[in-house]
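Numbering of the sequence shown is given in our numbering, commencing with residue -10 and proceeding in unit increments.
Report on the following structure.
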Amino acid sequence: MTLQRLLLAAGAASVLVAFATPEGPATPAPLKTPDGLDAKALYMEHCASCHGETGDGKGNEELERPARSFLLGGYSYGNTQNAVRRSVIHGIPGTPMPAFGATLGADEINAVADYVISLGPPGTIVQPGESVLVVEDRPMVVKGMMPAHEQGAFREPRSLVVGFPNGTTFQFRAEDSRLLTVRQGEFLDRRDWGGRGGAELQPLGSLTWKASRASRDFTEFSDAKTGKGLRRKVKRTEIKGDDVWIHFDLIDGAGDRFGGGQEFLSFLMVNDVPVPMRAILGSGEGRAIALSELPGKKSRASNSIDVTTTPNGLVACALDDAPNMRIYLHAPAWTPSLAAAFDASLQKKD
Ligand code: HEC
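Structure, rendered in structure tokens:
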């Protein structure tokens, strides 16, 4: 399942032919796995340019954020053996750490992951506790109470938490289906299975994005006639292959249903680095709805796409032919490689 389904629902099929067909970089074939793997050689070939030859994090490559040193242990994105392997297979969304799942074979990944672990002090790797929920090979959706994500914020008694196999976790407020946080690492610790308010959940990943205070009350959609905001309310979630769909109702100020829509959660691969992508589509079912203005820097990208770069680290795309749809990319800027990956994802069929 891809963005295509949403586009078709948005009546934007004609946009598709407007794109030139980009010949994306061919996915390299997995390397053969010779017997007797040399983990250090694999490390030198694939990792040292960023993480340094000794693993001290001082590679030659210039990065917008430094690669980690492996010498001290202390993994931010999960300190279980599985979590370290996952970082290597899927990369770390929102950072320059690339995904190696397509370039290295499974035993090469295990070998190189064990190698970087061995560079750290003993005791770096722990066993996950029994109450830890682990996302395996399909996304997982959990509802429950989440702690406040910043000082002064309230606990979120009704949260919808979506975990992906690559270690990304999205936390939504169930009440209005607003995205509150994105985290990276292990998924959730579900400490209380029988609590009256539902399960109390402890997020285990590191925060990579959070809603600003202003955007916490932002509504994407409004009644086109009156300009009044429409609140989203989660109806159900659906896991389709690698992607997650959140179906919602649109509720007007009087509390009545005005229409509905979907939010689609997925990832764009940009030079092997996964970038979280959310597409939001609404429909007024008879009455017209409008998309609210976004704060940020607006520009006209090629091929009938308007792009807004928001102050809180999102690139929002609007397509001319899909007036009720907005696509958020969790990236700091609209770059040529992001644009190429985005074009390609619009054309990709199921
Ligand atoms: C293009 C540069 C680059 C390359 C190549 C690269 N990494 Fe990384 N890697 C990073 C960056 C940057 C981070 C840190 C992300 C952060 O902490 O914000 C990182 C983080 C990691 C982490 C997660 C550490 C944590 O805190 O949990 C692991 C594990 C890792 N890299 C392993 C590898 C291995 C193994 C290879 C080679 C197969 C490799 N990396 C190649 C840039 C790179």
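Backbone N, C-alpha and C fix where the C-beta goes; we use that ideal spot for every residue, glycine too.
Values in this document were obtained by computation on a predicted structure and should not be read as measured data.
Under DSSP, G271 forms a beta bridge with G250.
Taking C-beta separations shorter than 7 Å and ignoring five residues to either side along the sequence, the partners of G90 in its chain run I78 and H79, following chain order. The residue from V150, P55 and A320 with its alpha-carbon nearest to that of P300 is A320. When secondary structure is reduced to three states using DSSP, A142 falls in the coil class, being assigned neither helix nor strand.
Nearest neighbour of E34 by Cα position, chosen from G112, A95 and V101, turns out to be V101. Remark: fewer than three beta-carbon pairs, one from each stretch, lie closer than 8 Å, so the stretch 222 to 233 and the stretch 48 to 68 are not flagged as touching. Bounds of the alpha helix (DSSP H) holding H79 are Q70 to H79. F89 has its Cβ nearer than 8 Å to a heavy atom of the ligand HEC. Per DSSP, F331 lies in no beta strand (DSSP E); the unbroken alpha helix (DSSP H) holding it starts and ends at P325 to Q336. Distances from the alpha-carbon of R74 to those of A279, A30, L93 and T208 put L93 closest. F210 is positioned such that its CB atom lies closer than 9 Å to that of L219. Nearest C-alpha to D245 among P117, F256, W234 and D212: D212. With a beta-carbon spacing of about 4 Å, G109 and G62 fall inside the 8 Å limit used to define contacts.
Put simply, the stretch 306 to 319 touches the stretch 274 to 290. At least three CB pairs are less than 8 Å apart. Less than 9 Å separates the beta-carbon of L149 from that of I235. Around the CB of T324, fewer than 16 other CB atoms lie within 10 Å, so the residue is classed as exposed. Annotation for D96: the continuous alpha helix (DSSP H) segment containing it runs A95 to L108. Taken atom to atom, the span from the alpha-carbon of L327 to that of P85 is near 13 Å. Between the ligand HEC and A56, a heavy atom-to-CB distance of less than 8 Å is present. DSSP places H319 outside both helix and strand once states are collapsed to three, so it counts as coil. Of all alpha-carbon atoms in Q(-7), L(-4), T297 and Y317, the one lying nearest the alpha-carbon of R167 is that of Y317. Here the distance from the Cβ of S288 to the nearest heavy atom of the ligand HEC is not below 8 Å. Rounded to whole angstroms, G250 and L(-5) show a C-alpha spacing of 10 Å.
Per DSSP, E227 lies in no alpha helix (DSSP H); the unbroken beta strand (DSSP E) holding it starts and ends at G218 to K229. Looking at the DSSP output, C39 bridges to nothing. Assignment of K287 by DSSP, reduced to helix, strand and coil, places it in the strand class. In the structure shown, R276 falls within a coil segment according to DSSP collapsed to helix, strand and coil. Residue nearest to M134 within the set V124, N99, I81 and D178 is D178 (criterion: CA-CA distance).
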